[in-house]
Each structure stands twice: as C-alpha cells, then as structure tokens.
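In the numbering used here, the protein residues as written are 8 to 128. Accompanying notes for the structure given below.
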C-alpha cells in the first residue's frame, strides 16, 4: 500500500513537470496587463532593458533588439508595439520569454506573463 502511494506521487510529479512552461527564444514579445491588454510603454521599457544588458560581437548593442509595430504572424495588426529580435554585430539575439517577462513586471506590467510569438526553432 505504501509503495502504491509513492508510485502515485511520482507519476503525479512527472505529469506536472510536463505542464510547466520552459523558457524559449522568440522573434517577438510584448508586455501584458492583468486584463490581457498590451502595454506599449512598458514593452518599450522592457525592450530597452534587453538592449542595455546585451553586448554584440564588438561590444555594441544598437540593433540587438528593436521596437516595432509589425506583427510577424498577423501583418494586418499594427496597433501595438513589439520587442523584436535583431543582430548585435554578427550575432542574432532572440527574445527570451522568461527574461522579458521579468523585465515587463519589473517595469510595472501586471499580467501573469509576457506575450511572445514566432518561436525560434
């Protein structure tokens, strides 16, 4: 009976581990508020924070990440700002969803996660 309880616990833990979202790299991210809306100002601050913490091949960070309002998945949506991937020197920098979420909440976003899309394969 005791072994059965332990086996059930192990199965539950393993099943739960598959549900947790891992950090990944994306081509675009933006900051959300608790009501699901997008906050352009906080997205811009978070994207600037990524640039400040990134150094390209030559120590530059000018084009590592950029703000833009072109949706890579839905080109007709140009109403909100995105933090877009880019290059620093010859190095491609993709937006890490976990780091971006932390920058969003650190700058005042109240959403439970950042909204990222176009995952790097």
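The beta carbon of each residue, even a glycine, is placed where N, CA and C say it ideally should be. On a predicted model such as this, the values are computed, not experimentally measured, just so you know.
Coarse secondary structure for residue i, derived from DSSP in three states
| i | result |
| --- | --- |
| residue 61 | coil |
| residue 53 | helix |
| residue 86 | coil |
| residue 22 | Note that residue 22 has pLDDT 37, beneath the 50 cutoff, so the model's placement of it is unreliable and the number below is only indicative. Note: residue 22 maps to helix in three-state DSSP. |
| residue 66 | Confidence in residue 66 is poor, its pLDDT being 49 and thus under 50, which makes the residue's placement unreliable; the coordinate value appears in the next sentence. If DSSP states are grouped into helix, strand and coil, residue 66 belongs with coil. |
Residues sharing a beta bridge with residue i, DSSP
| i | result |
| --- | --- |
| residue 75 | 89 |
| residue 32 | 103 |
| residue 123 | 36 |
Closest residue to residue i among the options (Cα-Cα distance)
| i | options | result |
| --- | --- | --- |
| residue 43 | 119, 127, 125 and 123 | 119 |
| residue 39 | 128, 115 and 126 | 115 |
| residue 99 | 105, 61, 89 and 53 | 61 |
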